[in-house]
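**Q** Would you mind keeping the following structure in view while I ask a few things?
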Amino acid sequence: MPAVVLVGAQWGDEGKGKATDLLGGEVDYVVRYQGGNNAGHTVVIGDQKYALHLLPTGVLSPEVVPVIGNGVVIDPGVLLAEIDGLLERGISCDRLLISANAHLIMPHHKALDKVTERYLGKARIGTTGRGIGPAYGDKIARMGVRVQDLLDPGILGQKIDVALNEKNQVLTKVYNRRGIDPAKVLEEYLGYAERLKPHIADTSLILNQALDEGKVVLLEGGQGNLLDIDHGTYPFVTSSSPTSGGACIGSGIPPTRLTRVIGILKAYTTRVGSGPFPTELTDEMGDWLRTTGGEYGVTTGRNRRCGWFDAIIARYATRVNGVTDFFLTKLDVLSGLERIPVCVAYDVDGERHEEIPMTQTGFHHAKPIYEEFPGWEEDITEAKSFEDLPKNAQDYVRTLEELSGARISAIGVGPGRDQTLSLRPLI
Ligand code: IMP
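My numbering puts the sequence shown at residues 243 to 669.
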């Protein structure tokens, strides 16, 4: 009964889609457990490229049941557009299961996300503007609308009225925006209900029964460790828990059933949006990493901020998530560099730190202390095994493994499905 969690070990965009897709053949269920359409997974199959935001990557493998867990916030219009987009390309989403307990992103969430960011000015978080934070805010404040409410038009109408009673006051009186008409929202969401109904299920029950039967469940997080609402670089984080603990809460699978935690780790570091990033490169080297690595957001198209590998962050991910294996991605991007710096500690106001500083101020002051490792000239995109890598690339991988505190079990050497070196089975 393997239940395997995939978590981003940095600030998201580590290449989780590739890892999930790689495991597709061995997996029966792929579950998204938090986040919403702020995420973006790119999967390349042959000459086809798929960008998924809300649908679990498992949707691309016909033998896998894709599941949207209770911890996700769902924009139903976006979900249906994504389903239709795949259908046009010959991929059916009929098997999709959606938790009845997942929350819905409502029009007022999107309106508030945009307007509150604008009011924050320089202190803005740089959200994706998809309504994620306000939707989770309402969930915690116990005034959210859930997927199961789509099954009861009376309740749905009541919940929309209650929410807009308050939110329209905020939109009009605090932010000077137009209010939202509850009747229009009800009509729109009842339209979504018709199409989503066949997918709504008690997914915690189904997943636990599947584990009882010996099926393999892959739990797929969006974003990454440092965007976690509790363990990330608060307040520059997302509003949910991408960490492995969140996988249990967001799916209804208990911690005692998790068998492995796979951390997805990019061979360098990237971040989108505001917030501290000690190894960020703001010079031509950063531009080079961005262009060579194709570091542009799948969801917003924004330039990703780029920097060297940060071992403190990787070790932190191992600690907080209980990482058992790392999948190291995008090693090929570093080919051609003479020397590769790796951050092994921080200087925080004159003091050496080998762990993440305790306070936000400490992290903002952290300056990277680098050790340099020799690079390699060779193109490694055709490598088929670890032994095919040049010696310096092998040494770089071994160094990252040692510094990160968990074994590296797979290595990505290109975007294609077949450009992965397997060191040991991941399930
Ligand atoms: P939100 O999730 O839209 O509220 O955005 C909060 C922060 O998380 C911002 O810095 C976003 O850029 C970042 N973020 C959200 N989703 C992703 C993702 O999938 N990859 C990378 N950054 C993300």
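For each residue, glycine too, the CB sits at the ideal point set by N, CA and C.
Using DSSP's beta-bridge definition, name the partner residues of Arg513.
**A** Arg547, per the DSSP bridge assignment.
**Q** Taking Gln212 as the reference, which of Cys585, Arg419, Pro424, Thr262 has the closest Cα?
**A** Outside the displayed span of the chain (243 to 669) sits residue 212, for which this structure offers no information.
**Q** Roughly how far, in whole angstroms, is the beta-carbon of Gly617 from the beta-carbon of Glu580, given that I think they are within contact range, below 8 Å?
**A** Contact holds; Cβ gap of about 5 Å.
**Q** Exposed or buried, which one is Asn279 when buried takes at least 16 other CB atoms within 10 Å?
**A** Label assigned to Asn279: buried.
**Q** Count the other C-beta atoms from every protein chain shown that fall within 10 angstroms of the C-beta of Val404, then say buried if there are 16 or more, exposed otherwise.
**A** Its Cβ having fewer than 16 others within 10 Å, Val404 is exposed.
**Q** Return yes when the Cβ of Val503 is within less than 9 Å of the Cβ of Val247, no when it is not.
**A** Yes, Cβ-Cβ distance for Val247 and Val503 is below 9 Å.
**Q** The ligand IMP heavy atoms versus the CB of Leu469: any closer than 8 Å?
**A** Checking the Cβ of Leu469 against the ligand IMP gives yes.
**Q** Please find out if some non-hydrogen atom of the ligand IMP comes closer than 8 Å to the beta-carbon of Gly363.
**A** Answer for Gly363: no, Cβ out of range of the ligand IMP.
**Q** Would you list the residues sitting across from Ile653 in a DSSP beta bridge?
**A** Bridge partners of Ile653: Leu570, Leu663.
**Q** Does the beta-carbon of Gly373 have 16 or more other beta-carbons within 10 angstroms, so that it is buried, or is it exposed?
**A** The residue is buried, with at least 16 neighbouring Cβ atoms inside 10 Å.
**Q** Indicate the three-state DSSP secondary structure (helix, strand or coil) for Leu460 in the structure shown.
**A** Correct three-state label for Leu460: strand.
**Q** Looking at the strands, I want to know which residues DSSP matches up with Asp589.
**A** Partner(s): Arg594, Lys609.
**Q** Please look up how many angstroms separate the CB atoms of Ala435 and Leu392, rounded, as I've assumed it's under 8 Å.
**A** Indeed they touch by this definition, with Cβ atoms about 4 Å apart.
**Q** How many angstroms separate the CA atom of Arg561 from the CA atom of Ser486?
**A** C-alpha separation (whole angstroms): 11 Å.
**Q** Tell me whether Trp253, by its Cβ, gets closer than 8 Å to a heavy atom of the ligand IMP.
**A** Yes, the Cβ of Trp253 comes within 8 Å of a heavy atom of the ligand IMP.
**Q** Out of Val586, Pro477, Val301, which one is the CA nearest neighbour of Glu597?
**A** Cα-wise, what sits closest to Glu597 is Val586.
**Q** Report the rounded CA-to-CA distance for Val584 versus Asn545, giving the unit in angstroms.
**A** Taking the straight line from one Cα to the other gives about 22 Å.
**Q** How big is the Cα-Cα spacing for Thr512 and Ile471?
**A** So the alpha carbons of these two residues sit roughly 18 Å apart.
**Q** Is Tyr292 helix, strand or coil when you go by DSSP?
**A** Three-state result, Tyr292: strand.
**Q** Suppose contacts are defined by Cβ-Cβ distances below 9 Å. Is Gly494 in contact with Leu438 by that definition?
**A** No, they are not a contact pair.
**Q** Identify, in the order they occur along the chain, each residue of the same chain with its Cβ nearer than 6 Å to the Cβ of Ile316, setting aside the five sequence neighbours on each side.
**A** Ala344, Leu346.
**Q** Would you mind reading off the limits of the alpha helix (DSSP H) that contains Leu322?
**A** Segment 318-330, the alpha helix (DSSP H) holding Leu322.
**Q** Between Ile555 and Leu468, is the Cβ-Cβ spacing less than 9 Å?
**A** In this structure, Leu468 lies closer than 9 Å to Ile555 by Cβ.
**Q** Which residue's Cα is closest to the Cα of Lys426: Leu398, Gln390, Leu328?
**A** It is Leu398 whose Cα lies nearest to the Cα of Lys426.
**Q** I'd like to confirm something about Gln465: is its beta-carbon nearer than 8 Å to some heavy atom of the ligand IMP, or not?
**A** Because some heavy atom of the ligand IMP lies under 8 Å away, the Cβ of Gln465 counts as near it: yes.
**Q** Go ahead and label Asn450 buried or exposed: buried means 16 or more other beta carbons lie within 10 angstroms of its beta carbon, across all protein chains shown.
**A** Its Cβ being crowded by 16 or more others within 10 Å, Asn450 is buried.
**Q** May I ask you to check if the CB of Ser483 is nearer than 8 Å to at least one heavy atom of the ligand IMP?
**A** No.
**Q** Is Arg557 buried or exposed, if buried means 16 or more other CB atoms sit within 10 Å of its CB?
**A** Arg557 comes out buried.
**Q** DSSP three-state call for Lys626: helix, strand or coil?
**A** Three-state DSSP puts Lys626 in coil, outside helix and strand.
**Q** Go through the region 368-398 residue by residue and report every complete run of the alpha helix (DSSP H) that reaches 4 residues or more, in order.
**A** Segments of the alpha helix (DSSP H) lying fully in the region 368-398: 374-382.
**Q** To the nearest angstrom, report how far apart Val756 and Ala509 are at their CA atoms.
**A** Given a span of 243 to 669 for the chain in the structure shown, any question on residue 756 remains unanswerable.
**Q** Look at the alpha carbon of Ile611 and the alpha carbon of Glu522, and state the distance between them as a whole number of angstroms.
**A** If you take the alpha carbons of Ile611 and Glu522, they lie about 13 Å apart.
**Q** So, using beta-carbon positions, are Thr445 and Ala342 closer together than 9 Å?
**A** For Thr445 and Ala342, yes; Cβs fall inside 9 Å.
**Q** Val639 and Leu531 - do their beta-carbons sit closer together than 9 Å?
**A** No. Outside cutoff.
**Q** Going by DSSP, what residue range makes up the beta strand (DSSP E) through Ser341?
**A** Element bounds for Ser341: 339-341.
**Q** Restricting to runs no shorter than 3 residues, where is the beta strand (DSSP E) found entirely within the region 247-289?
**A** Whole beta strand (DSSP E) segments, 3+ residues: 271-274, 283-287.
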